[in-house]
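Residue numbers (this note's numbering): 1 to 68.
Every residue, glycine too, gets a C-beta built ideally from N, C-alpha and C.
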(Lines of atoms letter the chains of each structure in order from A; the text may use other names.)
(Lines give C-alpha, C1' and ligand atoms only; values in the text may rest on other atoms or scores of the structure.)
Protein backbone atom coordinates (compact mmCIF):
# COMPACT_ATOMS: atom_id res chain seq x y z
CA UNK A 1 0.00 0.00 0.00
CA UNK A 2 1.59 3.25 -1.12
CA UNK A 3 1.15 6.38 0.96
CA UNK A 4 1.60 10.04 0.15
CA UNK A 5 4.80 10.66 2.08
CA UNK A 6 4.21 14.43 2.07
CA UNK A 7 0.80 14.17 3.74
CA UNK A 8 2.44 14.44 7.19
CA UNK A 9 5.49 16.62 6.99
CA UNK A 10 5.32 19.01 9.93
CA UNK A 11 3.06 17.10 12.29
CA UNK A 12 2.78 13.44 13.28
CA UNK A 13 0.19 11.29 11.52
CA UNK A 14 -2.82 10.20 13.60
CA UNK A 15 -1.73 6.58 13.10
CA UNK A 16 1.73 5.35 12.09
CA UNK A 17 2.29 4.37 8.48
CA UNK A 18 2.10 0.61 7.87
CA UNK A 19 5.85 0.23 7.31
CA UNK A 20 7.12 2.28 10.24
CA UNK A 21 7.01 -0.54 12.81
CA UNK A 22 8.60 -2.96 10.33
CA UNK A 23 11.56 -0.65 9.82
CA UNK A 24 11.96 0.05 13.53
CA UNK A 25 12.08 -3.69 14.21
CA UNK A 26 14.74 -4.16 11.52
CA UNK A 27 16.82 -1.27 12.85
CA UNK A 28 16.60 -2.56 16.42
CA UNK A 29 17.67 -6.01 15.24
CA UNK A 30 20.86 -4.57 13.76
CA UNK A 31 20.02 -3.52 10.19
CA UNK A 32 22.05 -0.56 8.92
CA UNK A 33 21.58 1.40 5.69
CA UNK A 34 24.28 1.18 3.06
CA UNK A 35 26.11 4.25 1.76
CA UNK A 36 23.57 4.93 -1.00
CA UNK A 37 20.70 4.99 1.47
CA UNK A 38 22.65 7.07 4.01
CA UNK A 39 23.25 9.78 1.42
CA UNK A 40 19.57 10.20 0.49
CA UNK A 41 17.86 13.44 1.45
CA UNK A 42 14.90 13.25 3.80
CA UNK A 43 12.31 13.21 1.00
CA UNK A 44 14.04 10.42 -0.90
CA UNK A 45 14.69 8.51 2.33
CA UNK A 46 11.01 8.67 3.28
CA UNK A 47 10.18 7.30 -0.18
CA UNK A 48 12.73 4.51 0.23
CA UNK A 49 11.36 3.49 3.62
CA UNK A 50 7.74 3.95 2.50
CA UNK A 51 6.86 6.19 5.43
CA UNK A 52 5.74 9.77 5.99
CA UNK A 53 8.40 12.48 6.03
CA UNK A 54 7.57 13.32 9.65
CA UNK A 55 8.17 9.68 10.60
CA UNK A 56 11.53 9.66 8.87
CA UNK A 57 12.70 12.90 10.47
CA UNK A 58 11.37 12.19 13.96
CA UNK A 59 11.45 8.42 14.34
CA UNK A 60 13.63 6.56 11.82
CA UNK A 61 16.54 8.98 11.54
CA UNK A 62 16.90 9.32 15.34
CA UNK A 63 16.67 5.51 15.69
CA UNK A 64 19.47 5.09 13.16
CA UNK A 65 21.61 7.74 14.85
CA UNK A 66 21.04 6.11 18.24
CA UNK A 67 22.30 2.75 16.92
CA UNK A 68 25.58 4.14 15.53
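The Cβ-Cβ distance between residue 7 and residue 52 falls below 8 Å. Relative to residue 4, the option among 24, 27, 32 and 49 whose CA is nearest is 49. The Cβ atoms of residue 66 and residue 20 lie no closer than 8 Å to each other. According to the DSSP assignment, residue 42 belongs to the alpha helix (DSSP H) that extends over 42-49.
Classified as buried, residue 17 has 16 or more neighbouring CB atoms from the shown chains inside 10 Å of its CB.
Of the other Cβ atoms in all chains shown, 16 or more fall within 10 Å of the Cβ of residue 60; this residue is therefore buried.
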